[in-house]
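Student: Taken in order, the sequence shown gives residues -17 to -1, 1 to 760; the numbers are from mature numbering (1 follows the signal peptide of the UniProt record, and there is no 0).
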Amino acid sequence: MLLPVLASLALLRPAVAGQVYFRADGDAYSHSPEVLPSPQITGQNEWADAFAKAKVMVDQMTLEEKKVSLTGGVDLKSGCSGTIPGIPRLNFPGMCLNDAGNGVRATDNVSGFASGIGVGASWNKYLARKRGAALGGENRRKGVNVMLGPVVGPAWTVVKGGRNWEGSSADPYLSGVLAAETVVGVQSQNVITSVKHYIGNEQELYRSLEGDVQAISSNIDDKTMHELYLWPFVDLIKAGAANVMCSYNRLNQTYACGNSKTLNGLLKTELGFQGFVVSDWGAQHAFADAPNGLDMGMPNSDPFWGANLVNAVRNGTLPESRVTDMAMRIIASWYQLKQDDPSFPAPGIGMPGNLTAPHRVVEARDPADMPVILQGAVESHVLVKNDRDTLPLKAPKVVSVFGYSANTPPSWTAAADTDGSWRFGLAPVLDLDPATSPIGARGTMFGGGGSGAITPTTHVSPRDALIARAARDGFTLHQDLGSAPPAWVDPASDACLVFGNAWAREGNDRPVLEDEATDTLVRSVADRCARTVVVLHNAGPRLPGGFADHPNVTAVLLAHLPGERAGDAAVALLWGDANPSGKLPYTVAAREADYGPLLAPQGGAPAGDNKSPQADLTQGVYTDYKYFEKEHVQPRYEFGFGLSYTRFDYSRIALQGPGGSPGEYPTGPVVSGGQGDLWEVVATVRCRLANGGGVAGAEAAQLYVRLPGTRAKQLRGFEKPYLRPGEATELSFALTRRDLSVWNTGMQKWQLQRGSYEIYIGRSSSKLPLKTFLTIQ
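1) Just tell me which of Pro524, Asp447 and Tyr605 has its CA closest to the CA of proline 568.
2) Under 8 Å, do aspartate 263 and histidine 180 count as touching if we go by C-beta distance?
3) Could you tell me if glutamine 43 is buried or exposed, where buried requires 16 or more neighbouring beta carbons within 10 angstroms of its beta carbon?
4) According to the neighbour-count rule (16 or more other Cβ atoms, all chains shown, within 10 Å of its Cβ), is valine 664 buried or exposed?
5) Determine the direct distance from the alpha carbon of glycine 101 to that of alanine 266, and round the result to whole angstroms.
6) List the endpoints of the continuous alpha helix (DSSP H) containing glutamine 639.
7) Under the rule that 16 or more other beta-carbon atoms within 10 Å means buried, what is histidine 615, buried or exposed?
8) Enumerate in chain order the residues of its own chain whose CB-to-CB distance from glutamine 462 is below 6 Å, with the five nearest sequence positions on each side excluded.
9) Going by Cα to Cα distance, which pick from Gly119, Asn92 and Leu254 is closest to valine 345?
10) Using CA coordinates, which residue listed in Ser15, Arg123, Ile175 and Ser98 is at the minimum distance from serine 151?
11) Going by C-alpha to C-alpha distance, which of Pro474, Leu698, Gly465 and Ala695 sits closest to threonine 459?
12) Taking the straight line between their C-alpha atoms, what separation do you get for leucine 751 and leucine 686?
13) Cutting at 7 Å between CB atoms, please list the residues of its own chain near alanine 271, excluding the five before and the five after it.
14) Here's a check: name, in chain order, each residue in its chain whose Cβ is nearer than 6 Å to the Cβ of leucine 714, leaving out the five neighbours to either side.
15) Would you list the residues sitting across from lysine 754 in a DSSP beta bridge?
16) Can you tell me where the beta strand (DSSP E) holding isoleucine 100 begins and where it ends?
17) Kindly list the residues whose CB is nearer than 6 Å to the CB of glycine 559, restricted to its own chain and excluding five residues on each side of it in sequence; keep chain order.
18) Can you tell me whether aspartate 218 is helix, strand or coil according to DSSP?
19) Would you list the one or two residues that DSSP bridges to aspartate 560?
20) Using the DSSP secondary-structure output, state which residues sit across from alanine 278 in a beta bridge.
21) Below 7 Å CB to CB, which residues in the same chain sit around lysine 251 once its five sequence neighbours on both sides are set aside?
22) Decide if arginine 124 is buried, meaning its Cβ has at least 16 other Cβ atoms within 10 Å, or exposed.
23) Tell me the start and end of each unbroken beta strand (DSSP E) in the stretch 40 to 99 that is at least 3 residues and wholly inside, in chain order.
24) From aspartate 278 to threonine 755, what does the alpha carbon distance come to, in whole angstroms?
25) Assign arginine 488 to buried or exposed, taking buried as 16 or more other Cβ atoms, counted over all protein chains shown, within 10 Å of its Cβ.
26) Whose CA, out of Met130, Arg305 and Ile356, lies closest to the CA of proline 330?
27) Taking the alpha-carbon positions, what's the leucine 626 to leucine 544 distance?
28) So, with DSSP's three-state summary, where would you put isoleucine 759?
29) With a threshold of 8 Å between beta-carbons, can alanine 673 be considered close to chain C, or not?
30) Assign histidine 209 to one of three DSSP states: helix, strand, or coil.
31) Can you tell me whether DSSP reads arginine 297 as helix, strand or coil?
32) If isoleucine 199 and tyrosine 189 are in contact, beta carbons under 8 Å, what's the gap, nearest whole angstrom?
33) Going by DSSP, what residue range makes up the alpha helix (DSSP H) through threonine 503?
34) Output the distance between the C-alpha atoms of aspartate 204 and threonine 237, rounded to the nearest integer angstrom.
35) How is the beta strand (DSSP E) around glycine 144 delimited, first residue to last?
36) Counting Cβ pairs closer than 8 Å, one from the stretch 70 to 79 and one from the stretch 296 to 311, do we hit at least three?
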């Protein structure tokens, strides 16, 4: 079936990328076209067995059972974020859906993992999969059927976006690869992943319907949709993700959870998605979301579906085949992840509705996962400055520690707060206005806020770890964590450690990327301490211009949101027990203004009849480092940058392929993720990487490609080997048809252009010592 083309947007007036403004709904503006009917699950390839089993069960369901049990959440007074009741006569126990991708939220006896941004900073595919398996294990033990994560939308096209930290990167390739590894890891434990937020969910300002003001409309053209926003979702569907969560925003004027173009057209047809689509909580807006591709409404679909769904089938308004397909997709996903196995725990068994009342305690943590949690925290850190070989510290006699983010918040209980997490989850910012405060002033920032918050049972703050290190090594440890500026700094200090943070949460975009209060604290210490080391727990780009050029600020670590072992990780890196290997998954600009139109959405409060906020995302693929390269703007720290305690040398680049002349367009059948031959290898690039220093460590080697006719390089490969001093290895990067293609809007296919492709390999997006060319004829 030929699908309507998502036309390029003809804007009513000039707009820069990310600009937000209002216009009346009646204005003539390109709406997202309809794609009907909703495609039915086919049970293709790896889904065949689950499809057959689901058909046997669904064929026995009444229409009411399909509607009540499978198409909308029902609150069973559990602690799950959402629930689906069971059908006892068919031995279907129901489902528990729960937040989120950084740890099981709002319950006890669970771990707090490094957040998505920390996974991005690791550039470590193996670690992402191990973290996913540990996450999946904890979800399984708690009786969670669907883990609401990982996040690959937002795509970070708004630098101040409040939820960027839940995802891993400002680059779609890096984000897709790491999140796909997370999906494989989580689902290895038989837990369904819910990949989110689909699609164009780029900001928190006007993110959802409020009164008579519509949610923001992210206006995205067809080419950019495929090459930027959709790109990581493809990786996750290819990896086997069984659920996709649609987002709050509108996409080209149509709400994402009722957008038949993106749900029926892109997701279920072009990408061959066999799983089910669930709404974000409260993101369902109409009965018509059912024919438009939504399969499950959360937390309760009754206001729109309920009896209406049954009546619509009986009066011929809605084909029963659509309701059957909704049920089939959900039950097939349940079978696909083998949740019918008797060993899978009962839904929500470890998710009490009231943590403050007596309840059954279910231990979710596995001691075997503790090294993974610690390594995730370590690799979440990125060393961006290390002058005078300040780090690692060398048997210091006196260490002084300062800063509000060095210590755990004083309030840490299981009493639920308005955020739906443990009080610990928001304790650092409870006294602050989340819309205006750039920091969490009351303690270590283990994670961000909102549905992606973590509620770890145990934690180690930097102060905790420093006290333990001082007790072991016998050095003097001075502490002043509350004074700003500190009244006294010991001039005999071998190192002064200053801990700060940069806060972000769901519901609000970040007000600024700088913080004068923290910068002043750092400068006041550095004025009196010759070796001042700054560690920031940051939920996104944090501009260090207020202190980084001070001659006595000799080292800076961007720790991101490292999870429950934040303190242990910091101390391991500061003392050299671990070698920094993290790299920036985004660009740090010299000034906020350098981000240009990507910095933040603009626009004031709606007035009069103008109740339809718009964000015209016209930057194409040129976001983050690609924007900086296209505009010739020099960042302070480039995408992919990160220092080590050793030196890595690159040499001997070699290219193999392509053999013959590959066709211009793919011709293969659609599999999960798209046409199967998109993953055929066109060329292989190899190089030699050697550890030329005296310390063992890991290096994230990066490959970039400049496609013909484009104005910036794009990441298309990375590997992270661990090398001992003097050791060398050969790295191999496979470039697929998909990696080298652009989206042709006329043909509605990926096109492998004829021409010359520039290929670079190196340690960051701008430090690329190796170069070669690939010619496609």
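A virtual CB, placed ideally from N, CA and C, is assigned to each residue, including glycine.
Tutor: Judging by the given coordinates:
1) For this step, residue 568 is matched to residue 585 along the sequence shown. Closest option to proline 568, Cα to Cα, is Pro524.
2) Taking the first residue of the sequence shown as position 1, residue 263 is located at position 280. Taking the first residue of the sequence shown as position 1, residue 180 is located at position 197. For aspartate 263 and histidine 180, yes; Cβs fall inside 8 Å.
3) Here residue 43 refers to the residue found at position 60 when the sequence shown is read from its first residue. So glutamine 43 counts as exposed.
4) Residue mapping note: residue 664 aligns to position 681 of the sequence shown, counting from 1. With fewer than 16 Cβ atoms within 10 Å of its Cβ, valine 664 is classed as exposed.
5) Indexing the sequence shown from 1 puts residue 266 at position 283. Indexing the sequence shown from 1 puts residue 101 at position 118. Answer to the nearest angstrom: the Cα atoms are 28 Å apart.
6) In the sequence shown, counting from the first residue as 1, residue 639 sits at position 656. Taken as a continuous stretch (DSSP letters only), glutamine 639 belongs to no alpha helix (DSSP H), being part of the beta strand (DSSP E) at 631 to 639.
7) For the purposes of this step, residue 615 is taken as the residue at position 632 of the sequence shown. Classification for histidine 615: exposed.
8) Taking the first residue of the sequence shown as position 1, residue 462 is located at position 479. So the qualifying residues of the chain are Val384.
9) By one-based count along the sequence shown, residue 345 stands at place 362. Ranking Gly119, Asn92 and Leu254 by Cα distance to valine 345 puts Asn92 first.
10) Here residue 151 refers to the residue found at position 168 of the sequence shown. When only C-alpha atoms are compared, the closest one is Ser98.
11) Within the sequence shown, the letter at position 476 stands for residue 459. When only C-alpha atoms are compared, the closest one is Pro474.
12) Position 768 of the sequence shown, counted from the start, is the residue given in the question as residue 751. Position 703 of the sequence shown, counted from the start, is the residue given in the question as residue 686. Distance between the alpha carbons of leucine 751 and leucine 686 is about 9 Å.
13) Sequence index remark: in the sequence shown, residue 271 carries index 288 (1-based). Excluding residues within five positions, the ones whose Cβ falls inside 7 Å are Gly241.
14) Taking the sequence shown and counting its residues from 1, one reaches residue 714 at position 731. Only Cys670, Leu672, Ala684 and Glu702 meet the Cβ criterion.
15) Translated into the one-based positions of the sequence shown, residue 754 becomes position 771. Tyr743, per the DSSP bridge assignment.
16) What you label residue 100 is simply residue 117 of the sequence shown in a count that begins at 1. Looking at the DSSP string, isoleucine 100 is not in any beta strand (DSSP E); the run it does join, the alpha helix (DSSP H), is 99 to 105.
17) Translated into positions along the sequence shown, residue 559 becomes position 576. Contacts found: Pro375.
18) As a first step, residue 218 is located in the sequence shown; it is residue number 235 there, counting from the start. Looking at aspartate 218 - three-state DSSP - the assignment turns out to be helix.
19) Walking along the sequence shown from the start, residue 560 turns up at place 577. Within the DSSP bridge table, the entry for aspartate 560 names no partner.
20) Reading the sequence shown from its first residue, position 295 is the one you call residue 278. The residue you asked about is not alanine; residue 278 is aspartate in the sequence shown. According to DSSP, aspartate 278 bridges with nothing at all.
21) Here residue 251 corresponds to residue number 268 of the sequence shown, with the count starting at 1. Counting only Cβ-Cβ distances below 7 Å, and skipping sequence neighbours, we find Ser21, Pro22 and Gly276.
22) For the purposes of this step, residue 124 is identified with residue 141 of the sequence shown, where counting begins at 1. Arginine 124 comes out buried.
23) DSSP runs (the beta strand (DSSP E)) wholly in the stretch 40 to 99: 65 to 67 and 78 to 81.
24) By 1-based counting over the sequence shown, the position of residue 278 is 295. By 1-based counting over the sequence shown, the position of residue 755 is 772. Their backbone Cα atoms lie some 47 Å apart in a straight line.
25) Here residue 488 is taken as the residue at index 505 of the sequence shown, counted from 1. Classification of arginine 488: buried, given that the 10 Å Cβ count is 16 or more.
26) If you number the sequence shown from 1, residue 330 lands on position 347. The shortest C-alpha separation from proline 330 is found at Met130.
27) The count along the sequence shown starts at 1 and reaches residue 626 at position 643. The count along the sequence shown starts at 1 and reaches residue 544 at position 561. Those two C-alpha atoms are separated by around 19 Å.
28) For the purposes of this step, residue 759 is taken as the residue at position 776 of the sequence shown. Isoleucine 759 falls in the strand class under three-state DSSP.
29) Although the question refers to chain C, the structure presented lacks it and comprises just one protein chain.
30) Position 226 of the sequence shown holds residue 209. DSSP places histidine 209 within a helical segment (H, G or I) once states are collapsed to three.
31) Looking up residue 297 in the sequence shown gives position 314. Reduced to three states, the DSSP call for arginine 297 is helix.
32) As a first step, residue 199 is located in the sequence shown; it is residue number 216 there, counting from the start. As a first step, residue 189 is located in the sequence shown; it is residue number 206 there, counting from the start. Sure, about 4 Å apart at Cβ, within 8 Å.
33) The residue given as residue 503 occupies position 520 in the sequence shown. Here the alpha helix (DSSP H) through threonine 503 covers 499 to 509.
34) Position 221 of the sequence shown, counting from 1, holds the residue named residue 204. Position 254 of the sequence shown, counting from 1, holds the residue named residue 237. Spanning the two alpha carbons is a distance of roughly 14 Å.
35) Position 161 of the sequence shown, counted from the first residue, corresponds to residue 144. Neither: glycine 144 is in no beta strand (DSSP E) and is coded neither H nor E.
36) no
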